[in-house]
Amino acid sequence: MTDLADIADVGRDARRGGYSRHGFDRVELELRQWFTEEATRRGLDVVPDRNGNLWAWWGKPGPDAVVTGSHLDSVPGGGAFDGPLGVVSALQAIDLLRAKNFSPAKSIALVVFVEEEGGRFGVACLGSRLMTGAISAEAACKLTDPDGVSFGEAAHKAGFDPLRMGRDEQALRNIGRFVELHVEQGRGLDVPVGLASSILAHGRWRFTFTGEGNHAGATLIEDRRDPMLPASQLVLAARRAATGGARATVGRIVPNPGGTNVIASSVDVWLDARAADDARTREVVAAISEAAASAAREEGCEVRVTEESYGDTVHFDTGLRDEISGVLGGVPALPTGAGHDAGILAGHVPTTMLFVRNPTGVSHAPAEHAEADDCAAGVVALASTLEHLAR
Ligand code: HGY
Ligand code: MN
Ligand code: MN
Ligand code: MN
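Here the sequence shown is numbered in the numbering used here, starting from 1 and rising by one per residue.
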C-alpha cells in the first residue's frame, strides 16, 4: 500500500476520475522512472527490451528465469490496482525473499509491459504482443493515438528504435516460467488469493458508419443519412447478441465532426466482444455486424468493419497451476473475462496468474479496490511462488 501510495498522485484524471496512464505518455514514463528507481534501489539491474518493456533482474539476465510483472498503464479513468498491483507486489515479494535471506538458484526478473490496456494506441497487450510476435512491428508502429501520434513515434521519443522492434527470441528464451499477479476484476473470488484458469476469447472491432454531414435544423428528417442511427442500433444489437455468458460492449463512440448542431458525416464505434470460445465470439460479432449492416442500409449509410485485435481463449498451464496451488496450500482457480499480458505469454511459456480478491467487483473504473490485507496476502503468495520456482 505504501508503494501504491508512492504513485497515487501520478496520472490522476481530474475530469474522468481515477487514473489515465497510457503507454509512453508523460505519466507512464514517470511511472517507469519510478519503477527503475525502486528496482535499482533494491540492487536489481533494469534493462529495457527492444519492444518498450522494462525488465529488472535479480541475478544474471539469461534463459529459464522466473519472471513476474504486470503493467503500469491504465484505461482512461481507470482504477489504482489494475496493473500497478502486480508491479508493486513483485517489488514487495523481492523484499520478502531478501528479508528471509533466500538465495535464488535461478534468476528472477520483474517485467513491466508497455500499453497493456491499449488505452492510447487501441491494441491491448501491445508490449507482450510485440515480444511474442503476435503483432508485427510494422503494424504496431503504425497504430495512432487520438492526436495522430503513432506508436512508432512515441516509442522513438521514449528512446526505443522502431526498426529493432518485433518478436524477441532472446526475451522469450529468458522466461522459464511467468507469473502475473493481478487484482481480480469481477466477483469471482471470495478468498484473498486465487489462481487463474482461463481467459475468455476476446477482441476489438471498429465499425465506421458513413452518411452525409448536414445541418441539424435545416435538414428534414426524411432527407437525412445520419450515421448515428445505425451506430445506436449497433449498441442495442450488442446487448441483444451477448447471451449465455458472452459479453459485448460499446464503450467508445466518436462522431465526426462531433458538433451538437451537426448531423455527423461518419461515426466510429468500437465493439469489445468476449465469449467462452472462438466460435461463440465470432457468432456474437457476426450477429452484431449483420444488425449494423441492416441498420446502415435502412438509413442510406455505409458501414465498414475492421478487426483491430483478437485473441482466442487462453487456458493457463494446468501443471503449473496445480503446482502453485499446492505451494499455497490449495487456492481456488477461476476463469476471467479480462485480458492480460500473461494471456499472451501463455501461448509461449508456462504461465500462471495470481488473483487478489476484489471486494466490489468493480474494475476499469475509479472505484476499483482491493483491501490492504488481501494485497498483503497476494505479496506473500507471490513470494512463495517465486521462491518455489527459483529454488
Ligand atoms: O481489457 C482487458 O481485459 C484488459 O484489462 N486489457
Ligand atoms: Mn485492465
Ligand atoms: Mn491489467
Ligand atoms: Mn449556422
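All residues carry an ideal CB built from backbone N, CA and C; glycine is no exception. Quantities reported herein were computed from a predicted structural model and do not represent experimental measurements.
Skipping 5 residues on each side, what residues in its chain have a beta carbon closer than 7 Å to that of residue i?
| i | result |
| --- | --- |
| G337 | G186, L200, R247 and R274 |
| V305 | W205, F207 and S289 |
| G18 | G77, G78, G79, A365 and P366 |
| G119 | H22, D73, S74, V75 and P76 |
| A105 | A390 and R391 |
| S198 | T313, V314, H315, F316 and P335 |
| T40 | V46 |
| R280 | A246 |
| E307 | G203 and W205 |
How many Å lie between residue i and residue j at the Cα?
| i | j | result |
| --- | --- | --- |
| S107 | V87 | 17 Å |
| P332 | L354 | 10 Å |
| A342 | T351 | 7 Å |
| H388 | V75 | 33 Å |
| A154 | D82 | 23 Å |
| C301 | R252 | 20 Å |
| A372 | R357 | 10 Å |
| F160 | R16 | 30 Å |
| E184 | L386 | 20 Å |
| L4 | L31 | 11 Å |
| S103 | V179 | 19 Å |
| E368 | A216 | 40 Å |
| A370 | E212 | 48 Å |
| A124 | G133 | 14 Å |
| A292 | E222 | 20 Å |
| T318 | A346 | 11 Å |
| T243 | V284 | 9 Å |
| D25 | D145 | 11 Å |
| D190 | K100 | 30 Å |
| N261 | P255 | 12 Å |
| D13 | T360 | 21 Å |
| E323 | V149 | 45 Å |
| M131 | V349 | 12 Å |
If we count the other Cβ atoms within 10 Å of its Cβ and call it buried at 16 or more, is residue i buried or exposed?
| i | result |
| --- | --- |
| T2 | exposed |
| R393 | Here the chain covers residues 1 to 391 and nothing more, so residue 393 does not appear. |
| E116 | buried |
| H340 | buried |
| P192 | buried |
| R21 | buried |
| D6 | exposed |
| L220 | exposed |
| Q233 | buried |
| D396 | Lying outside 1 to 391, the shown extent of the chain, residue 396 is not represented and no answer is given. |
| G258 | exposed |
| E298 | exposed |
Indicate the three-state DSSP secondary structure (helix, strand or coil) for residue i in the structure shown.
| i | result |
| --- | --- |
| F35 | helix |
| P230 | helix |
| N214 | strand |
| T336 | strand |
| S20 | coil |
| H364 | coil |
| M353 | strand |
| D272 | strand |
| S74 | coil |
| R98 | helix |
| L195 | strand |
| P84 | helix |
| P255 | strand |
| I7 | coil |
| A292 | helix |
| L110 | strand |
| T243 | coil |
| E202 | Going by the sequence as given, residue 202 is His instead of Glu. Reduced to three states, the DSSP call for H202 is strand. |
| G311 | strand |
| D341 | helix |
| G79 | coil |
| P162 | helix |
Give me, in chain order, the residues of the same chain whose beta-carbon lies closer than 8 Å to that of residue i; leave out the 5 immediate sequence neighbours on both sides.
| i | result |
| --- | --- |
| P61 | D45, V47, W55, S107, A109 and N174 |
| D95 | R42 |
| A90 | T68, G69, S70, L110, L181 and L382 |
| A238 | A248, T249, V250, L271, A273 and I288 |
| A296 | F209, P227, P230, E302 and V303 |
| S325 | L195, V331 and A333 |
In chain order, what residues of the same chain have a beta carbon less than 6 Å from the beta carbon of residue i, not counting five sequence neighbours either side?
| i | result |
| --- | --- |
| F151 | F121, A140, C141 and L143 |
| A377 | P192 and V193 |
| R167 | G133 |
My guess is that residue i and residue j are in contact by the Cβ rule of under 8 Å, so how many angstroms apart are they, rounded?
| i | j | result |
| --- | --- | --- |
| D268 | R206 | 6 Å |
| V112 | F35 | 6 Å |
| P227 | A276 | The Cβ separation is near 32 Å, so there is no contact. |
| A158 | G11 | Rounded, the Cβ-Cβ distance is 16 Å, inconsistent with contact. |
| D49 | A171 | 5 Å |
| A93 | V379 | 6 Å |
Using a C-beta cutoff of 8 Å, does residue i count as contacting chain B?
| i | result |
| --- | --- |
| E290 | No chain B is present in this structure, which holds just one protein chain. |
Which residues have their C-beta within less than 5 Å of a heavy atom of ligand 6, listed in chain order?
-> In the structure shown, ligand 6 is absent; the only ligands present are ligand 1, ligand 2, ligand 3 and ligand 4.
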